[in-house]
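Participant: Following this message is one structure expressed as structure tokens.
Residue numbers (our numbering): 17 to 205.
Encoded structure:
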């Protein structure tokens, strides 16, 4: 879903908001690392063992550190950039509402302001990104219901932001084990 007002300034974009279901992310990752059947037998055991190893390497211990979330945020920013026909802004604000199985108490919102240079680098991989800051991704757990105290609200916000500091490290580890373009395209690249 895209929201843009007709009178927006080209330097300041309204945020694009996306929605995802974390179970779908896990299902796509599982599909990506499921071996095809061998021609002469039902299961290709050596490839199946390799796929399990790769799957274990790209599945984070903590779901909120998942590199797929970063890919979704970049995809939202890229879609926003593509829709922008006039002068492009310096940053593209994006938000992702993520539903997580078993967590009926919180709505998880990931947000980032993606620099236009990073999006340009997706089209021109040789572009020099020295001095371009990677977007700061924040994860907010919004309680379904009313918080009773301000201290309780701060505790939820602090707990939600801590895991996102590990996302960049997780992305670097994933890029060492496989092509990250395959992550962002769901294995079709």
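Even glycine gets a Cβ: it sits at the ideal position worked out from N, Cα and C.
Going by DSSP in three states, residue 99 sits in which element: helix, strand or coil?
Facilitator: Position 83 of the chain shown holds residue 99. Residue 99 falls in the helix class under three-state DSSP.
Participant: Between the region 32-47 and the region 79-99, can you find at least three pairs of beta-carbon atoms closer than 8 Å?
Facilitator: yes
Participant: Report the three-state DSSP secondary structure of residue 94 (helix, strand or coil).
Facilitator: By one-based count along the chain shown, residue 94 stands at place 78. Helix at residue 94.
Participant: Determine the burial state of residue 153: buried for a count of at least 16 other Cβ atoms within 10 Å of its Cβ, exposed for fewer.
Facilitator: Stepping through the chain shown from its first residue, residue 153 is reached at position 137. So residue 153 counts as buried.
Participant: So, is residue 72 buried or exposed, given that buried needs 16 or more other C-beta atoms within 10 angstroms?
Facilitator: Working through the chain shown from its first residue, we reach residue 72 at position 56. By the 10 Å Cβ count, residue 72 comes out exposed.
Participant: Taking all protein chains shown into account, decide if residue 59 is buried (16 or more other Cβ within 10 angstroms of its Cβ) or exposed.
Facilitator: Working through the chain shown from its first residue, we reach residue 59 at position 43. Exposed is the call here.
Participant: Assuming residue 45 contacts residue 74 (C-beta within less than 8 Å), just tell me the rounded distance between them.
Facilitator: In the chain shown, residue 45 corresponds to position 29, counting from 1. In the chain shown, residue 74 corresponds to position 58, counting from 1. Contact holds; Cβ gap of about 7 Å.
Participant: Can you name, in chain order, every residue of its own chain whose Cβ lies under 7 Å from the Cβ of residue 64, other than the five neighbours on each side?
Facilitator: Sequence index remark: in the chain shown, residue 64 carries index 48 (1-based). 51, listed in sequence order.
Participant: With DSSP as the reference, label residue 55 as helix, strand or coil.
Facilitator: Start at 1 with the first residue of the chain shown, and residue 55 comes out as number 39. Three-state result, residue 55: coil.
Participant: For the 8 Å Cβ check, are there 3 or more pairs between the region 103-111 and the region 139-150?
Facilitator: no
Participant: Return helix, strand or coil for residue 159, following the three-state DSSP convention.
Facilitator: Within the chain shown, numbered from 1, the residue matching residue 159 stands at position 143. Three-state DSSP puts residue 159 in a strand.
Participant: CA-CA distance, residue 129 and residue 113?
Facilitator: Taking the chain shown and counting its residues from 1, the one referred to as residue 129 is at position 113. Taking the chain shown and counting its residues from 1, the one referred to as residue 113 is at position 97. Rounded to the nearest angstrom, the two C-alpha atoms are 15 Å apart.
Participant: Apart from the five residues just before and just after residue 123, which ones in its own chain have a Cβ nearer than 6 Å to its Cβ?
Facilitator: As a first step, residue 123 is located in the chain shown; it is residue number 107 there, counting from the start. Excluding sequence neighbours, residue 123 sits near 158.
Participant: Going by beta carbon distance, what residues of the same chain come within less than 8 Å of residue 68, once the five residues before and after it are set aside?
Facilitator: Position 52 of the chain shown, counting from 1, holds the residue named residue 68. Taken in chain order, the residues that qualify are 49.
Participant: Check this for me: beta carbons of residue 96 and residue 32, under 8 Å apart or not?
Facilitator: The count along the chain shown starts at 1 and reaches residue 96 at position 80. The count along the chain shown starts at 1 and reaches residue 32 at position 16. Going by C-beta atoms, residue 96 is nearer than 8 Å to residue 32.
Participant: Between the Cα of residue 134 and the Cα atoms of 55, 115, 93, 76, which residue gives the shortest distance?
Facilitator: In the chain shown, counting from the first residue as 1, residue 134 sits at position 118. Ranking 55, 115, 93, 76 by Cα distance to residue 134 puts 93 first.
Participant: What's the C-alpha gap between residue 84 and residue 115?
Facilitator: Numbered from its first residue, the chain shown carries residue 84 at position 68. Numbered from its first residue, the chain shown carries residue 115 at position 99. Going from the Cα of residue 84 to the Cα of residue 115 covers about 14 Å.
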